[in-house]
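Student:
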């Protein structure tokens, strides 16, 4: 092949470091390729970051950014004094904590069980099924939830009615809101979550198991002493990522599941920003709320990363 | 993702406790599989059933009387047809736009020698950690005059920074020799990109095209934010209107002529919104095992 024959010789002739303009000129086509992407980041990522400053202004769309008056931390004060603040904080933290306790370990457990399954075809079938919900939208998941759990016509309530003679208002009773959210999350994401754990499990040294069997170790012992330590770093990394995004509860899921009856327990920071900002037009106030959440989020990410490094893990960045 | 069973451990499986566990495991995981699949089967079966049957029976996966009424209604109602058209349009155009923006930016960023690369990479990473948030982004989209425009459903997420980094890393792994020899043959950088780098990345382009298109098809958030005009709603918005809003609040909507949507119509709309995903699912499954693992960490 002539290509390889030609590369036998060192091809690039400019070995001396070109300076400034020279370098730009040499790579002009590469810079041209960068233009759309850089424009995207400037317009849709960095312009809004600048726009965050309206949290400190009394922004009105008619006056525009520059004409609006600076008000300092006025809107932050408003927010922290508002009774909404504690309600939102409580709702967000509750949902995040429930997710961490129930939805986070679910994929690990299912992955461990899948790993013990000996029929390859059966296992493949189960995997094919449980990955599906990850790819359908929250709109569809919530729609399906409504079909099954609504009062009168819902499948679940029909079954309940025929067994117990009464129905449960799963979708409007505030008591049921959090369990429903957690169940939905588990249903949608557990299968997909197993992928990373299965990949980690696949790399566990098989000889260790054989040695353990020789020593008479039962299944539980093997799982406890070999499997779990081997995938410990995967678990820790995922846990850190989860804690880093602790406050990020899916907007779409919560928004779609919220209604006038369960709003008191359903509303979280993100949906509040939407309602107050977009539908009520309180731009500066809602931006302040969003900024507060972003800052807490960043602190959590760096905090989680710091802790990871303390625990002798690599950290994420 | 094949995990070798513990072949050396056959003897252990034959203990009584081992066998009990095995049976429990097979049954438990079987239930997990059924719980994910049965709701879909009911929705599909119900969409072909009559109203009477839906009201009478609770759970079934085969309708007694087969009816196409729901689909006939949907495909004769302009609202539904239009929203399907909008969804297909933004999915196709959006996927092309996202691929274009991501790949053109990833390629130069993979070149270690270009000036300003570190600055740009840091800007990308910073954008992953911190965002202006919903309202400032909304104001930007508004001041660009994109409200109620289909571009508002495409341009604001033209690049996913995580995917950009993955593709950049992929380009970095391509053999340098091919590229250098192409340059000797008189190819410009753009020529190398188009004739060498892109053809070599066909599998990864296919993977990202699939994931991007699924993402846009499923997107509800941006339509909610940026599209007020219900005539321009994509399918996910109409789906919400029909299946979620009609039910709880009792609010009826204009398209249904103040009659709450019948159950079979709701189910049929869910089927139509899910169908494209199920159609590409085998391909998705083929792709997500390789390479995509890094991206999926973000959850």
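Protein chains in written order, with this note's numbering: chain A, 650 to 966; chain B, 1140 to 1438. For each residue, glycine too, the CB sits at the ideal point set by N, CA and C.
1. Just the chain B side, please: which residues come within less than 7 Å of residue 914(A) by C-beta, in chain order?
2. Taking beta-carbon pairs under 8 Å, can you tell me which members of the segment 808–826 of chain A lie near chain B?
3. Using a Cβ cut-off of 9 Å, which residues of the segment 1193–1207 of chain B contact any Cβ in chain A, in chain order?
4. Return no unless some Cβ of chain B is closer than 8 Å to the Cβ of residue 960(A).
5. Tell whether a beta-carbon distance below 8 Å holds between residue 1402(B) and residue 802(A).
6. So, are the CB atoms of residue 1188(B) and residue 1202(B) less than 8 Å apart?
7. Give me, in chain order, the residues of the same chain whose beta-carbon lies closer than 6 Å to that of residue 779(A); leave out the 5 immediate sequence neighbours on both sides.
8. At a cut of 8 Å, does the segment 737–746 of chain A reach the segment 905–923 of chain A through at least three beta carbon pairs?
9. Could you tell me which residues DSSP pairs with residue 707(A) in its beta bridges?
10. Kindly provide the ranges of any alpha helix (DSSP H) runs that are 4 or more residues long and lie completely inside the segment 1145–1204 of chain B, ordered along the chain.
11. Tell me which residue opens and which closes the alpha helix (DSSP H) that residue 1400(B) is part of.
12. Using 8 Å as the limit for Cβ to Cβ distance, is residue 715(A) near chain B?
13. So if I threshold CB-CB distances at 7 Å, which residues from the segment 1408–1426 of chain B count as touching chain A?
14. Under 7 Å Cβ to Cβ from residue 1310(B), same chain only, skipping five residues before and after it: list those, please.
15. Sort 881(A), 822(A), 837(A) by Cα distance to residue 910(A) and report the nearest one.
16. Express the C-alpha separation of residue 680(A) and residue 908(A) in angstroms, rounding to a whole number.
17. Can the beta-carbon of residue 1183(B) be found less than 8 Å from the beta-carbon of residue 1331(B)?
18. What does the alpha-carbon distance come out to for the pair residue 948(A) and residue 1228(B)?
19. Mind listing the chain B neighbours of residue 829(A)? Cutoff is C-beta to C-beta under 8 Å, in chain order.
20. Sorted by chain position, which residues of the same chain lie with C-beta nearer than 7 Å to residue 1210(B)'s C-beta, five sequence neighbours on each side aside?
21. So with Cβ pairs under 8 Å, would you call residue 1273(B) a contact of chain A?
22. With burial defined as no fewer than 16 other Cβ atoms inside 10 Å of the residue's Cβ, what is the status of residue 843(A): buried or exposed?
23. Where does residue 870(A) sit, in a helix, a strand or coil, going by DSSP?
24. Any beta-carbon of chain B closer than 8 Å to the one on residue 956(A)?
25. Rank 1169(B), 1348(B), 1372(B) by C-alpha distance to the C-alpha of residue 1231(B) and give the top, closest one.
26. On the premise that residue 1271(B) lies in contact with residue 700(A), defined as a C-beta separation below 8 Å, what is that separation, rounded to the nearest angstrom?
27. Kindly list, in the order they appear in chain B, the residues whose Cβ is closer than 8 Å to that of residue 779(A).
Tutor: Concretely, from the data shown:
1. Locating residue 914(A) in the first chain gives position 265, counting from the first residue. Simply none; closest approach about 16 Å.
2. For the segment 808–826 of chain A, which is checked against every Cβ of chain B, the residues closer than 8 Å are 808, 811, 820, 821.
3. Sequence-ordered contacts of the segment 1193–1207 of chain B with chain A read 1193, 1194, 1196, 1197, 1198 [C-beta pairs closer than 9 Å].
4. By one-based count along the first chain, residue 960(A) stands at place 311. No, residue 960(A) does not count as interfacial toward chain B.
5. Residue 1402(B) sits at position 263 when you count from the first residue of the second chain. Residue 802(A) sits at position 153 when you count from the first residue of the first chain. Yes, the Cβ-Cβ distance between residue 1402(B) and residue 802(A) is below 8 Å.
6. Position 49 of the second chain, counted from the start, is the residue given in the question as residue 1188(B). Position 63 of the second chain, counted from the start, is the residue given in the question as residue 1202(B). Going by C-beta atoms, residue 1188(B) is nearer than 8 Å to residue 1202(B).
7. As a working note, residue 779(A) is residue 130 in the first chain. Excluding residues within five positions, the ones whose Cβ falls inside 6 Å are 840.
8. Segment contact: the segment 737–746 of chain A against the segment 905–923 of chain A, three or more CB-CB distances shorter than 8 Å; contact assigned.
9. Locating residue 707(A) in the first chain gives position 58, where the first residue counts as 1. Under DSSP, residue 707(A) shares a beta bridge with 718(A).
10. Entirely contained in the segment 1145–1204 of chain B, the alpha helix (DSSP H) runs reaching 4 residues are, in chain order, 1149–1152, 1155–1186, 1190–1195.
11. The count along the second chain starts at 1 and reaches residue 1400(B) at position 261. From DSSP, residue 1400(B) is part of no alpha helix (DSSP H); its letter is neither H nor E.
12. As a working note, residue 715(A) is residue 66 in the first chain. Chain B contact via Cβ: absent.
13. Listed in sequence order: 1409, 1412, 1413, 1416, 1420, 1423, 1424.
14. As a working note, residue 1310(B) is residue 171 in the second chain. If we look at residue 1310(B) and ignore the five residues flanking it on each side, its Cβ neighbours are 1245, 1246, 1249, 1336.
15. Here residue 910(A) refers to the residue found at position 261 when the first chain is read from its first residue. Closest option to residue 910(A), Cα to Cα, is 822(A).
16. As a position in the first chain, residue 908(A) is number 259, starting the count at 1. As a position in the first chain, residue 680(A) is number 31, starting the count at 1. Their backbone Cα atoms lie some 50 Å apart in a straight line.
17. The sequence position of residue 1183(B) within the second chain is 44, counting from 1. The sequence position of residue 1331(B) within the second chain is 192, counting from 1. No, they are not a contact pair.
18. Along the first chain, read from residue 1 onward, the residue named residue 948(A) stands at position 299. Along the second chain, read from residue 1 onward, the residue named residue 1228(B) stands at position 89. In this model, residue 948(A) and residue 1228(B) are separated by some 40 Å (Cα to Cα).
19. Counting from 1 along the first chain, the entry for residue 829(A) is found at position 180. Ordered by position in chain B, no residue passes the 8 Å Cβ test against residue 829(A), which lies about 13 Å from the chain.
20. What you label residue 1210(B) is simply residue 71 of the second chain in a count that begins at 1. Closer than 7 Å at the Cβ level, and outside the excluded window around residue 1210(B), lie 1407.
21. By one-based count along the second chain, residue 1273(B) stands at place 134. Contacts with chain A at 8 Å (Cβ-Cβ) include residue 1273(B).
22. Within the first chain, the letter at position 194 stands for residue 843(A). By the neighbour-count definition (other C-beta atoms within 10 Å, threshold 16), residue 843(A) is a buried residue.
23. As a working mapping, residue 870(A) is identified with position 221 in the first chain. Helix, per DSSP.
24. The residue you call residue 956(A) lines up with position 307 of the first chain. Contact of residue 956(A) with chain B is not assigned, every C-beta pair being separated by 8 Å or more.
25. Here residue 1231(B) corresponds to residue number 92 of the second chain, with the count starting at 1. Each of 1169(B), 1348(B), 1372(B) was checked against the Cα of residue 1231(B), and the nearest Cα belongs to 1348(B).
26. The residue labelled residue 700(A) in the question sits at position 51 within the first chain. The residue labelled residue 1271(B) in the question sits at position 132 within the second chain. Residue 700(A) to residue 1271(B), Cβ: 6 Å. Contact.
27. The residue you call residue 779(A) lines up with position 130 of the first chain. At a C-beta separation below 8 Å, residue 779(A) has these neighbours in chain B: 1171, 1172, 1175.
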